[in-house]
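Residue numbers (this note's numbering): -7 to 180. Idealized CB from N, CA, C, for every residue including glycine. To start, the structure under review is shown below, and the notes come after it.
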């Protein structure tokens, strides 16, 4: 995990608002060559009490990525993580995943789960850094190409071992992005 890139100014994680939807849609289109319609994002933000979405603003302003999860009983289910293609490989996806995990813990969730494309080795490696491990597969899960999804989950998020892992990852992120904060993502 030894990131050799020099530190940079801190981007900012914050809760997604309905006003962000047009820009988020552009990020979604660029990241996934398709994606959800505007109404789906609006419904998630205003009508789904389980949904929590965050955006990542770059140092010069502008949304560079976003992520979301659903809080279901005691489980946080990651539903999306997206970063603009030209902004990838800079640690922004890591910031978003970290923000989601912190948000899940703030809401008292026991574990986090997700599905990821079988072919997306970069995302799978990132999720493994955050303690996700593979527990199954969903055959032909993705409608665009019928690709299988790998099901991943974490150990208990509040366990001492997981908290040590998370603190180590937070230390790395703070070194890479001085001034980054993770604790201001909960409900207002």
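- Across the structure, residue 78 and residue 114 are spaced so that their CA atoms are roughly 15 Å apart.
- Using a C-beta cut-off of 8 Å, the segment 120 to 137 makes no contact with the segment 48 to 65, since fewer than three inter-stretch Cβ pairs fall below that distance.
- Residue 99: not part of any alpha helix (DSSP H); DSSP gives it neither H nor E.
- With fewer than 16 other beta carbons inside 10 angstroms of its own, residue 153 counts as exposed.
- Non-local beta-carbon contacts of residue 103 in its own chain, meaning distances under 8 Å to residues more than five positions away in sequence, involve 66, 67, 68, 145, 146, 147, 148, 149 in chain order.
- In the three-state reduction of the DSSP assignment, residue 172 falls in the coil class.
- If you check the CB distance, residue 89 and residue 70 come in under 9 Å.
- Inside the segment 59 to 88, DSSP marks whole beta strand (DSSP E) runs of 3 or more residues at positions 67 to 75, from first to last along the chain.
- Exclusion of the five residues before and after residue 8 leaves 16, 37, 45, 46, 47, 58 as the residues of its chain whose Cβ lies within less than 7 Å of its Cβ.
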